[in-house]
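Participant: Quick one: structure below, then a few questions.
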Amino acid sequence: MSDRGWPIGLLAVCVTVGFLGVAGSSADDEAGNDGQAEIASLLGEAVDSQKLTVDVARERAQVMQEVYAATLEMLHQRYFHRDRSLLPARAMQDIFAEIEQRSQVQARWISASLPAMSNDHEPESDFEKRAAKEIAQGKAQLETRDGDTYRRAVAIPLEGGCLGCHAGR
Numbered sequence: 585m586s587d588r589g590w591p592i593g594l595l596a597v598c599v600t601v602g603f604l605g606v607a608g609s610s611a612d613d614e615a616g617n618d619g620q621a622e623i624a625s626l627l628g629e630a631v632d633s634q635k636l637t638v639d640v641a642r643e644r645a646q647v648m649q650e651v652y653a654a655t656l657e658m659l660h661q662r663y664f665h666r667d668r669s670l671l672p673a674r675a676m677q678d679i680f681a682e683i684e685q686r687s688q689v690q691a692r693w694i695s696a697s698l699p700a701m702s703n704d705h706e707p708e709s710d711f712e713k714r715a716a717k718e719i720a721q722g723k724a725q726l727e728t729r730d731g732d733t734y735r736r737a738v739a740i741p742l743e744g745g746c747l748g749c750h751a752g753r
């Protein structure tokens, strides 16, 4: 239950960031690559020759998830009118695709505590399945590092009016 007494449904946004290097490695610090890669990524420049650390990948994923959550909320509140407009989550998928093309950062919705509204939102990878399970059990976020890939999932609470569609109420 939320602070307002409304039931909460949860979905998650999973963000995957590819990186090279090891967090806090002295080679990265000596070469100054942390700052260069971060600045280049903020400017939308290629960072193929730069090494990203886990910390930089984590920060990038956190910022993207905050942007996605805020955009989704704004789309729901200001632009979504049942039966007359594009679904906000569908619009966000277009944003995810554009961001992936520009930055090589992947994001997708997964259903955590409610049935998926689309087959596209079913957890697919082992990480997504684990994230959906743990988020449904109350964990706020989950992150992993696998080789040169950092993955992070965070809960997106659904309250009040959202549950009308998402929970079929």
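In our numbering, the protein residues as written are 585 to 753. Glycine included, C-beta positions come from ideal geometry on N, C-alpha and C.
#1: Helix, strand or coil for S695? Go by DSSP, reduced to three states.
#2: Let me make sure I understand the geometry here. Which of R736, M676, D730 has the alpha-carbon closest to that of I719?
#3: For V689, count neighbouring C-beta atoms within 10 Å of its own C-beta (all shown protein chains included) and say buried if the count is 16 or more, exposed if not.
#4: What did DSSP end up calling E727 once you bin it into helix, strand or coil?
#5: If distances are taken between C-alpha atoms only, which option among F711, A654, P741, K717 comes closest to T733?
#6: Provide the residue span of the alpha helix (DSSP H) that contains T655, from first to last.
#7: When the distance is taken between beta carbons, is A596 closer than 8 Å to A691?
#8: For the alpha helix (DSSP H) that P672 lies in, which residues bound it at each end?
#9: Reducing DSSP to helix, strand and coil, say where A596 ends up.
#10: For Q646 and F680, I'd like the C-alpha separation in whole angstroms.
Facilitator: According to the structure data:
#1: Counted from its first residue, the sequence shown places residue 695 at position 111. Residue state, collapsed to three classes: strand.
#2: Looking up residue 719 in the sequence shown gives position 135. Out of R736, M676, D730, R736 has the C-alpha closest to the C-alpha of I719.
#3: The residue you call residue 689 lines up with position 105 of the sequence shown. Buried.
#4: Looking up residue 727 in the sequence shown gives position 143. Of the three classes helix, strand and coil, the one that applies to E727 here is strand, per DSSP.
#5: Taking the first residue of the sequence shown as 1, we reach residue 733 at position 149. When only C-alpha atoms are compared, the closest one is F711.
#6: Counted from its first residue, the sequence shown places residue 655 at position 71. Residues 638-658.
#7: For the purposes of this step, residue 691 is taken as the residue at position 107 of the sequence shown. For the purposes of this step, residue 596 is taken as the residue at position 12 of the sequence shown. No, these two residues do not count as a Cβ contact at 8 Å.
#8: Here residue 672 refers to the residue found at position 88 of the sequence shown. Its alpha helix (DSSP H) spans residues 672-687.
#9: The residue given as residue 596 occupies position 12 in the sequence shown. DSSP places A596 in strand when its eight states are reduced to three.
#10: By 1-based counting over the sequence shown, the position of residue 646 is 62. By 1-based counting over the sequence shown, the position of residue 680 is 96. Taking the straight line from one Cα to the other gives about 14 Å.
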